[in-house]
Amino acid sequence: MQTYWPEFATLALIHFLAVIAPGPDFAVTIRQSVRLGRQAGIATAIGIGAGISVHVIYTLMGVGALLHSTPWLMSVAEVLGGAYLLYIGWGFLRQASTPMEVSLAESDNGKPATVSVRQSLTLGFMTNATNPKATLFFLAVFTTVVSASTPLTTQMLYGVWMCLVNAGWFIVVSLIFTNPRVRQRFLRMGTWFERVTGVLLLGFSLRLLIHAGQRILL
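Structure, rendered in structure tokens:
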């Protein structure tokens with residue numbers, strides 16, 4: 058009986074190292090956790106985990122191979138991802154004018170507005186689902202490490218595992234940054250924290266758009 062543990066272990070290790078590398082998901086989780094509180098941060102993390110399912114589905118359907126063999130489609134994906142990060146980053150910069158003390162008062166009672174949790178869930182999902190970094194991972198790693206002979210059900214289980222790991226890691230990140238002492242330190246930064254987060258996302262966006270432009274011109 059064939060065992061898939063070596064294949065799974067290799068994929069799981071590479072995936073975890075990719076997940077913990079700072080990127081848009083990390084920046085968004087920290088921002089939501091500090092500004093809106095623990096429930097919003099955890100909702101963002103769950104959304105990020107759910108977003109991985111998008112990449113798993115199109116990879117198992119063979120769309121990943123199509124993206125890999127069609128450079129202009131990959132460029133379109135990068136432009137869309139960059140545009141979304143640009144939108145989110147600009148939104149964070151605009152919200153920097155709102156005193157963070159207001160968010161703290163609203164979330165410290167343990168009952169953040171339902172809309173904040175729902176929006177955080179959506180934000181996490183969209184940030185990951187449109188993240189070309191995740192797309193590149195599945196194109197470069199998943200399709201390479203996972204054998205074509207691996208049963209579809211086993212590949213689906215790999216995907217479920219990656220969704221859970223993504224959500225779990227960013228839940229831990231949220232718990233760390235909503236620790237009262239840690240959160241207070243960031244809140245003391247006031248609007249600068251919001252601005253730095255916004256600028257980071259704009260930087261990620263610009264890098265994606267430049268890379269997409271270079272791919273189109275070559």
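With positions in the sequence shown counted from 1, the corresponding number in my numbering is that position plus 57. By construction, the Cβ of each residue, glycine as well, lies at the ideal position given by its N, Cα and C atoms. Every value quoted in this text rests on a predicted model; they were computed, and no experiment measured them.
Whole-number beta carbon distance between residue j and residue i, since they are thought to touch under 8 Å
i: residue 215; j: residue 198; result: Between residue 198 and residue 215 the Cβ distance is about 11 Å, and since that is not below 8 Å, they are no contact.
i: residue 116; j: residue 200; result: 7 Å
i: residue 207; j: residue 64; result: 7 Å
i: residue 259; j: residue 104; result: That pair is no contact at about 21 Å.
Residue i versus residue j - alpha carbon distance
i: residue 84; j: residue 107; result: 17 Å
i: residue 244; j: residue 98; result: 15 Å
i: residue 101; j: residue 123; result: 30 Å
i: residue 261; j: residue 217; result: 27 Å
i: residue 232; j: residue 219; result: 20 Å
i: residue 118; j: residue 185; result: 19 Å
i: residue 223; j: residue 273; result: 31 Å
i: residue 69; j: residue 255; result: 31 Å
i: residue 238; j: residue 91; result: 11 Å
i: residue 191; j: residue 60; result: 27 Å
i: residue 87; j: residue 151; result: 17 Å
i: residue 159; j: residue 144; result: With a pLDDT of 47 at residue 159, under the threshold of 50, the modelled position of this residue cannot be trusted, and the question is left open.
Contact set for residue i: own chain, Cβ-Cβ below 6 Å, skip 5 residues either direction
i: residue 136; result: 269
i: residue 250; result: 243
i: residue 194; result: 75
Segment limits, alpha helix (DSSP H) that includes residue i
i: residue 143; result: 128 to 152
i: residue 66; result: 62 to 77
i: residue 255; result: 248 to 274
i: residue 203; result: That residue, residue 203, is in no alpha helix (DSSP H); it is neither H nor E in DSSP.
i: residue 93; result: 81 to 93
Beta-carbon proximity list for residue i, same chain, < 7 Å, skipping 5 on both sides
i: residue 187; result: 137, 138 and 141
i: residue 228; result: 99 and 102
i: residue 221; result: 106
Chain-order list of residues whose beta-carbon lies under 8 Å from that of residue i (same chain, five-residue window excluded)
i: residue 265; result: 135, 136, 138, 139, 142 and 189
i: residue 73; result: 222 and 226
Under the three-state DSSP convention, the category residue i falls into
i: residue 235; result: coil
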